[in-house]
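Chains as they are written, first to last, in our numbering: chain A, 1 to 288; chain B, 1001 to 1482. Just so it is clear, CB atoms sit at the ideal spot from N, CA and C, and this is done for glycine as well. Since we're looking at a predicted model, the values are computed, not measured. Please read the structure below before turning to the comments.
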């Protein structure tokens, strides 16, 4: 059992948990993730590590509610526990002094991009961060990103905060302004990472993306997380999760991530029905 | 029991013993069991066990024991069964094998003890596996384990992986008085015994019972630790005070054929397919959350001819598959699976497409599998493995409609421990180099065995390595010599 020391919403549907996990806290490096299982009948899902505190023996994870498991996870609070937390998994980000690094975080991907940005800054890079979200409410970790970046550029799809547009618009502007970029790191929705990679391919800028395929064990045993890299099969959990964005077959990733859509919808609908029923009971109880 | 000449407890004259037929294992009817996950074999009754045990010729030179990777004293425990001393028989087995309820169920006995049984030269060999299972289950029902008492040595051993190799090593070491802690990457203990081997062949309760017994003996377990990531071998030794480490991390990354269409939705590795079903209990969806493609009435094929392949396809059948195929590129004679599993699968209605291999997976154009283009093979000259090499027959291509295909064609070495342990020697294929005799690696105090050394093999071979490792770890810890 892994105890939740603190839980808070960063945005609607996006929650940060500080979890007691001393072994993981000691070893966590930027780019790595954990797999969690909430209860006995639960599935195993990969989750982003946003930060860790080796002294306190805690890690911070950030979860966006999407399906049943992430919704359940986000219903947990300070003092609750998570049955299993295993990690840190995956290879750490390759941190070096590249020169100028642009770190792109899309939506909840910003939480995964943050430790990498911090490490790149510490390694001597000039770090320009681009944070994108659907709207103002969903922009997360702005303060944290500012603390580790030389500049932070923000876009929202609907223009409700900062500049209206997509992260690729900002990246395009940087390139057009003649900014010398040595490395781009992009973490976010698949379509965003694909768009960033297509843009930088033309400009021949080294680009690293962090993939989040379906995963079970996270140690290389099951092969469920296989992705196509340069026409070859690789496993995101042991060979990744970071890969050269110019070599990733994003089409295959999108297709494979849709494999259980029906079952996921079924789970989600049943979960919602249950919640509504519980809510109705509570209301009824309150009325009585 | 000693080996000196003494009157046998078996009342049947030697000459008469060969006339007793091998007692059949009671099993669930094929058509019934093909639709449930209950165990296929039901186990001997005490009566059947004693009758079967009476067949043993009690050879002076017991080749059955020599060919058993952990060296169980077969004639001795079998004689105790004849005498009805079932608990003593169980204790006799436990002297050499800490997991008899498991090996009695999943070992390829035909390749080891039963394969060397003298009876087998004339009639059917002694049912050693069935007898082993019987006494282990009997002991469990009686609930009277005898716990060995030993003086603590003050030495600490870390075991990496809670599969058959690690558990055997842990069981042997705790009985020598060492402190033993087993680290497991998954949330459940047992390794391949829980994520790989299905309920109908090895019920999970059997593994839990074995684990409880080990806990009683004092073995400590820690789940959710991926050694190499969560903690390294060096940290275990330098910071956590372990005097020796045994690496038994098991099978590695699943292999694929690298043919077109292997990334289609509906193509699984056997490890993933079985993990979803066995470990994550996807067959109980939506009670359990892990999803599985709906197999009801669908055509499912497994590619490969080993135990894993049969476990996967028989699971698919139990999940409602309409047609269930085994596609294997050689003939039945070369299939590496246990004979009993092949027979069981045939009885259950699995369609064996022998001398056949897929060359491409076909798609509906939207990313989903619709079939496999296959080619028929013939056997040519022997290859490096000594088996005749399958050669494609020109123009024999045909399409097999499929909704799900499961690749069970082997694994490659998992790199996590090797790449995070400086100085740990590996071979060309990335497996850990360890002495066949002592299981010592190139790092002082670090031992390794099982699939992470040999590549994919069987439960009993992994256990044999765990046993040899325990012996040499004990020697190292008591003498300090490397």
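### Query
DSSP state of residue 1328 of chain B, grouped into three classes?
Residue mapping note: residue 1328 of chain B aligns to position 328 of the second chain, counting from 1. Here residue 1328 of chain B carries a coil assignment [DSSP, helix/strand/coil].
### Task
Give a yes or no on whether the minimum CB-CB distance between residue 1039 of chain B and chain A is below 8 Å.
In the second chain, counting from the first residue as 1, residue 1039 of chain B sits at position 39. So, not an interface residue.
### Task
Return the chain-ordered ranges of every alpha helix (DSSP H) run that is complete within the segment 118 to 200 of chain A and spans a minimum of 4 residues.
You should have 142 to 148 and 167 to 176.
### Message
Could you tell me the alpha carbon to alpha carbon distance between residue 1310 of chain B and residue 1116 of chain B, rounded to whole angstroms?
### Response
As a first step, residue 1310 of chain B is located in the second chain; it is residue number 310 there, counting from the start. As a first step, residue 1116 of chain B is located in the second chain; it is residue number 116 there, counting from the start. Rounded to the nearest angstrom, the two C-alpha atoms are 25 Å apart.
### Query
From which residue to which residue does the alpha helix (DSSP H) around residue 1166 of chain B run?
The residue you call residue 1166 of chain B lines up with position 166 of the second chain. Residues 1164 to 1174.
### Message
Using DSSP's beta-bridge definition, name the partner residues of residue 1353 of chain B.
### Response
As a first step, residue 1353 of chain B is located in the second chain; it is residue number 353 there, counting from the start. Paired residue(s): B:1327.
### Task
Mind checking which residues open and close the beta strand (DSSP E) that includes residue 1318 of chain B?
Taking the first residue of the second chain as 1, we reach residue 1318 of chain B at position 318. Here residue 1318 of chain B belongs to no beta strand (DSSP E); instead the alpha helix (DSSP H) covers 1307 to 1318.
### Task
Indicate whether the contact test is met: 3 or more Cβ pairs, each with one atom in the segment 1442 to 1462 of chain B and one in the segment 1406 to 1426 of chain B, closer than 8 Å.
Yes, the segment 1442 to 1462 of chain B touches the segment 1406 to 1426 of chain B.
### Message
Beta carbons nearer than 8 Å to chain B: which residues of the segment 67 to 97 of chain A have them?
### Response
Of all residues in the segment 67 to 97 of chain A, 68, 69, 83, 84, 85, 86, 87, 88 and 89 have a Cβ within less than 8 Å of some Cβ in chain B.
### Query
How many angstroms separate the CA atom of residue 1034 of chain B from the CA atom of residue 1108 of chain B?
By 1-based counting over the second chain, the position of residue 1034 of chain B is 34. By 1-based counting over the second chain, the position of residue 1108 of chain B is 108. Distance from the CA atom of residue 1034 of chain B to the CA atom of residue 1108 of chain B, rounded to whole angstroms, is 22 Å.
### Task
Less than 8 Å between the CB atoms is what I'm expecting for residue 30 of chain A and residue 93 of chain A, so what's the real figure, rounded?
Start at 1 with the first residue of the first chain, and residue 30 of chain A comes out as number 30. Start at 1 with the first residue of the first chain, and residue 93 of chain A comes out as number 93. The C-beta separation of residue 30 of chain A from residue 93 of chain A comes to about 5 Å, placing the pair in contact by the 8 Å criterion.
### Query
What residues of chain A sit near residue 1220 of chain B, judged by a beta carbon separation below 7 Å?
Numbered from 1 along the second chain, position 220 holds the residue referred to as residue 1220 of chain B. Residues of chain A with a Cβ closer than 7 Å to the Cβ of residue 1220 of chain B do not exist; the shortest Cβ-Cβ separation is about 15 Å.
### Query
Mind pulling the alpha helix (DSSP H) runs of 4 or more residues that sit fully within the segment 1429 to 1481 of chain B?
Listed in chain order, they are 1451 to 1454 and 1459 to 1479.
### Message
Please list, in chain order, the residues of the segment 264 to 282 of chain A that have any C-beta partner in chain B closer than 9 Å.
### Response
Per Cβ criterion, the list reads 264, 266, 267 and 270.
### Query
Considering only residues of the segment 1070 to 1104 of chain B, which uninterrupted alpha helix (DSSP H) runs meet the minimum length of 4 residues and lie entirely inside it, listed in chain order?
Correct list: 1074 to 1082 and 1086 to 1094.
### Query
Does the beta-carbon of residue 1426 of chain B have 16 or more other beta-carbons within 10 angstroms, so that it is buried, or is it exposed?
The residue labelled residue 1426 of chain B in the question sits at position 426 within the second chain. Buried is the call here.
### Task
Indicate whether at least one CB of chain B lies closer than 8 Å to the CB of residue 112 of chain A.
As a working note, residue 112 of chain A is residue 112 in the first chain. Taking Cβ atoms only, chain B never reaches closer than 8 Å to residue 112 of chain A, which makes this a no.
### Message
Just list the residues that DSSP pairs residue 1246 of chain B with in beta bridges.
### Response
Residue 1246 of chain B sits at position 246 when you count from the first residue of the second chain. DSSP output for residue 1246 of chain B lists B:1159 and B:1447 as bridge partner(s).
### Task
Examine chain B for any beta-carbon lying closer than 8 Å to the beta-carbon of residue 365 of chain A, and answer yes or no.
Residue numbering for chain A in the displayed model covers 1 to 288; residue 365 of chain A lies beyond these limits and cannot be assessed.
### Message
Is the separation between the beta-carbon of residue 1077 of chain B and that of residue 1160 of chain B shorter than 8 Å?
### Response
Mapped onto the second chain, residue 1077 of chain B falls at position 77. Mapped onto the second chain, residue 1160 of chain B falls at position 160. Taking 8 Å as the Cβ cut-off, residue 1077 of chain B and residue 1160 of chain B do not qualify as a contacting pair.
### Message
Does chain B have any CB closer than 8 Å to the CB of residue 260 of chain A?
### Response
Numbered from its first residue, the first chain carries residue 260 of chain A at position 260. It does: the Cβ of residue 260 of chain A has a partner Cβ on chain B nearer than 8 Å.
### Message
Against chain A, with Cβ distances strictly below 8 Å, would residue 1280 of chain B count as a contact?
### Response
For the purposes of this step, residue 1280 of chain B is taken as the residue at position 280 of the second chain. Yes - at least one Cβ of chain A is within 8 Å of the one on residue 1280 of chain B.
### Query
What residues of chain B sit near residue 41 of chain A, judged by a beta carbon separation below 7 Å?
The residue given as residue 41 of chain A occupies position 41 in the first chain. Residues of chain B passing the Cβ test: 1287, 1288 and 1289.
### Straight-line Cα distance separating residue 59 of chain A from residue 130 of chain A
The residue you call residue 130 of chain A lines up with position 130 of the first chain. The residue you call residue 59 of chain A lines up with position 59 of the first chain. Whole-angstrom Cα-Cα distance: 24 Å.
### Contacts that residue 1256 of chain B makes with chain A (C-beta to C-beta distance below 8 Å)
Here residue 1256 of chain B is taken as the residue at index 256 of the second chain, counted from 1. Within chain A, the residues near residue 1256 of chain B are 223, 226 and 233.
#### Entry: Cβ neighbour criterion (16 or more within 10 Å) applied to residue 191 of chain A
Position 191 of the first chain, counted from the start, is the residue given in the question as residue 191 of chain A. Label assigned to residue 191 of chain A: exposed.
### Task
State yes or no: is the beta carbon of residue 27 of chain A nearer than 8 Å to at least one beta carbon in chain B?
To locate residue 27 of chain A, count along the first chain from 1; it is residue 27. The beta-carbon of residue 27 of chain A is placed less than 8 Å from the nearest beta-carbon of chain B.
### Task
Alpha carbon to alpha carbon, how far is residue 1237 of chain B from residue 1166 of chain B? Give it in angstroms, no decimals.
Position 166 of the second chain, counted from the first residue, corresponds to residue 1166 of chain B. Position 237 of the second chain, counted from the first residue, corresponds to residue 1237 of chain B. Using only the alpha carbons, I get a separation of about 17 Å.
### Task
Tell me where the beta strand (DSSP E) around residue 6 of chain A begins and ends.
On the first chain, position 6 is the one that residue 6 of chain A refers to. For residue 6 of chain A, the uninterrupted beta strand (DSSP E) segment begins and ends at 2 to 11.
### Message
Can you look up residue 1212 of chain B in the DSSP assignment and give me helix, strand or coil?
### Response
Within the second chain, numbered from 1, the residue matching residue 1212 of chain B stands at position 212. Of the three classes helix, strand and coil, the one that applies to residue 1212 of chain B here is helix, per DSSP.
### Query
Are three or more beta carbon pairs between the segment 69 to 89 of chain A and the segment 104 to 114 of chain A nearer than 8 Å?
The segment 69 to 89 of chain A, when compared against the segment 104 to 114 of chain A, does not touch it at the 8 Å Cβ threshold.
#### Entry: Euclidean distance between Cα positions of residue 144 of chain A and residue 28 of chain A
The count along the first chain starts at 1 and reaches residue 144 of chain A at position 144. The count along the first chain starts at 1 and reaches residue 28 of chain A at position 28. Each residue's Cα considered, the two are about 18 Å apart.
### Query
Just reading off the alpha helix (DSSP H) that residue 39 of chain A is part of, what are its end residues?
Your numbering for residue 39 of chain A matches position 39 in the first chain. Counting along the chain, residue 39 of chain A falls outside any alpha helix (DSSP H), and DSSP gives it neither H nor E.
### Same chain, Cβ closer than 6 Å to residue 1400 of chain B, neighbours up to 5 away in sequence not counted
The residue you call residue 1400 of chain B lines up with position 400 of the second chain. Excluding positions up to five away in sequence, the list reads 1371, 1372 and 1374.
### Message
Let me check understanding here. Comparing Cα to Cα, which of B:1188, B:1043 and B:1447 lies closest to residue 1418 of chain B?
### Response
Stepping through the second chain from its first residue, residue 1418 of chain B is reached at position 418. Ranking B:1188, B:1043 and B:1447 by Cα distance to residue 1418 of chain B puts B:1447 first.
#### Entry: Segment contact, 8 Å Cβ cut-off, at least three pairs: the segment 60 to 70 of chain A with the segment 238 to 249 of chain A
By the C-beta criterion, the segment 60 to 70 of chain A is judged not to be in contact with the segment 238 to 249 of chain A, since fewer than 3 inter-stretch pairs fall below 8 Å.
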